[in-house]
Each structure stands twice: as structure tokens, then as C-alpha cells.
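Participant: Numbering (the numbering used here) for the sequence shown: 4 to 302. Structure below; questions to follow.
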Amino acid sequence: MLVVKGLDRDQQVALYLQRRRNRKVSRFLLTLLIAYGIFCLAMMLCQRFLMYFPDRSSFNPAVWGLSAFQPLRVTTQDGLTLTSWYSPPRDSDKATVVFMQGNAGHAGHRNYKVLPWVSAGYGVVLTGYRGFNNPGAPTEQGLYRDARAVLDEMKSRGVTGQALIIYGESIGTGVAVQMATEYPAAGLILESPYTSTTDVGAWRYPFLPVHYLMWDRFESLEKISSVHIPLLLVHGEDDRTVPARFGKQLFAAAHEPKQAMFMPGLTHKTIYDPAVQAAILSFINQLPHEQIINGQLGR
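In C-alpha cells, the structure reads:
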């Protein structure tokens, strides 16, 4: 025990015990800080496993009632050959909806969404992402490349401008917003969108410095001002995956003409109820459509 001059024995003991407590507290806080740092590092390194949940089982469209869909193979800018699925429009004056799915499952899980559009005569492309029954692993920039490859292929077939509708579901809304800033289209539909994935991550993990850790940010709020086509946004008020307040922020920042449906009682998984399905089909029907250039219908 260090002796401090001018203090009696009881004071010396008290000072010694205080210093011991301070050292223990300091060691405890340092241990907590190190553990928190390790946890943050682990979350950063594992973030894409927490963000993307592809179903890698084989996909047979006929099993899912999607026998009208045929493979659409494209090559991305970074050299991946990917398979999407395409059902051409029945008539040349019908637009094609390019559907960009969320972060889980495969195209078959969206059959109930797209079959009414096919029945109404519209074309539909189910965009194939890397890592989702395709080679590669999903990333933000990778998904942009995948969508660009599909839209470039559709453009080569004359499906562009008012012959094209861009649709984004959940994480796919970030892809759809980015594509709407790059490609002409008749309209944009966003299902359960967000302002950015960092905002959603910070809401879900308030104890983490998410804005410093996330790689795939999908900054839709920053980009929506560059979109100048009709917008339909649908969101469940009881969504606990992407809270509706994020959709409301995005909608407020979007240009006219725009429509929104914020549905009481509906969640991230139940948003696509009959009323929403009818509204989406009505929105598609009301968009100005033009014939596919050169009549290249489903080449």
C-alpha cells in the first residue's frame, strides 16, 4: 500500500481501497468497451448474412403456376450470367412490369402478386439477383448491376420508356428507385419502401453506430428527387420490418404525380391484400402506354 504523507492510517486505508475500486471500475469499463468493439466488428463483418436471405433451392416456374415465364439470361457489367424470368405482354400496346423483389426467397414466392398482371395482358420480368438461384453474392452495387442488365436487355427488345414499369418490393425498392433515376419508364411502384437501409438498421439496432458500419445503404431518400415519373407507394401501417414512417418520409420527398396507400392493420408480409392488388392494377392501367418499338414482342 502506497503511503501518502499527512494522512493517518484510517485515511491511508480509505484512499487505498478507493484506488482499488477505481482500478476495478476502469478494468470493467475497458472490458465492456472491448466487448462492444468486438460485437460491432462482428456485426459489420456479418451484416450481409443479416441482410440477404436468398432461397437457393431450384426454381421451376411451372410448380409455382408461372408456366408463362421463360428464362431471360443476361450478362452483368462485372461478367456474371444471371437468369431472370420473363412473360411477354400479350399485345404490343401493353407495358411490361420489371419486378425487383425483396431480400428473401425466390421468384415463385411472388406468384400471387404478378399473376393478375399477366392475366390482364401485361408483360412481367422477375428480376434475377446474384446469389438468388444465380451465381455470385448479393451486394448493393451488385443488385444495381443485375437490374441494369435486365433493363438493358429489355431496351434491346424495344421495351423502354412508356412500355416499361418499374416495381420494387421491400429492399428491392432501393434498386427500383436507383433504376428510375437511370432509365425512362411509364411509372414506379414501391411496396414497403424505406428512406435508406441505414435508417432502418439504426431503428432496429439503436445500440449500434449503424451509419458508420453499413456497406449497403440504398439511399432512396437522397435519390427520389431525381425521379420524375408517376409514383404509387403502398405500405402497411403495422409494418414492423420497415415502419410506415419511412415510407411516409419517402413519399413526402417524391415529386408529383404521386399516390400512396398506407393501410391500417397490414404488415410487411400482409401488405398485398386484395385492395392493394386492385389499386396497383388500376395504377398500371391508367399509366400512358406506348407500343413496343419495332414490334419486338418477347423476342
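A virtual CB, placed ideally from N, CA and C, is assigned to each residue, including glycine.
When you compare the segment 226-245 with the segment 257-264, are there three or more beta-carbon pairs, one atom per stretch, that lie closer than 8 Å?
Facilitator: Yes, the segment 226-245 is in contact with the segment 257-264.
Participant: Glu-172 bridges to which residues according to DSSP?
Facilitator: Beta-bridge pairing links Glu-172 to Glu-194.
Participant: Between the segment 37-50 and the segment 112-127, are three or more C-beta pairs nearer than 8 Å?
Facilitator: Taking 8 Å as the limit for Cβ pairs, the verdict is that the segment 112-127 does not touch the segment 37-50.
Participant: Would you tell me roughly how many angstroms separate the C-alpha atoms of Val-191 and Ser-90, rounded to the nearest one?
Facilitator: Here residue 191 is Leu; the residue named in the question, Val, does not match the sequence. Their Cα atoms are separated by approximately 19 Å.
Participant: Which word fits Leu-48, buried or exposed, when buried means at least 16 other C-beta atoms lie within 10 angstroms of its C-beta?
Facilitator: Exposed.
Participant: Mind checking Asp-94: buried by the 16 CB within 10 Å criterion, or exposed?
Facilitator: It is exposed - the Cβ of Asp-94 has fewer than 16 other Cβ atoms within 10 Å.
Participant: Pull up the distance between the alpha-carbon of Ser-70 and that of Ala-257, whole angstroms please.
Facilitator: When rounded, the distance between both Cα atoms is 37 Å.
Participant: Give the single residue among Phe-221, Ile-274, Gln-289 and Gly-68 whose Cα lies nearest to the Cα of Thr-244.
Facilitator: Comparing Cα-Cα distances from Thr-244 to each of Phe-221, Ile-274, Gln-289 and Gly-68, the minimum goes to Ile-274.
Participant: CB-CB under 7 Å to Leu-224, same chain, minus the five flanking residues each way: which ones, in chain order?
Facilitator: Answer for Leu-224: Thr-198, Ser-199, Gln-252, Leu-253 and Ala-256, listed in chain order.
Participant: Output the distance between the C-alpha atoms of Phe-56 and Ser-173, rounded to the nearest integer angstrom.
Facilitator: Distance between the alpha carbons of Phe-56 and Ser-173: 13 Å.
Participant: Given a cut-off of 7 Å on the beta-carbon distance, is the pair Met-54 and Ala-179 in contact?
Facilitator: Contact flag unset, no.
Participant: For Thr-130, is the classification buried or exposed, using 16 other Cβ atoms within 10 angstroms of its Cβ as the cut-off for buried?
Facilitator: Label assigned to Thr-130: buried.
Participant: What residue from Cys-43, Leu-83, Arg-51 and Thr-34 has the CA that sits closest to Phe-210's CA?
Facilitator: The shortest Cα separation from Phe-210 among Cys-43, Leu-83, Arg-51 and Thr-34 belongs to Cys-43.
Participant: So what does DSSP say about Leu-35, is it helix, strand or coil?
Facilitator: If DSSP states are grouped into helix, strand and coil, Leu-35 belongs with the helices.
Participant: Counting only C-beta atoms, is Phe-254 closer than 7 Å to chain C at any point?
Facilitator: No chain C appears in the structure shown, which is made up of a single protein chain.
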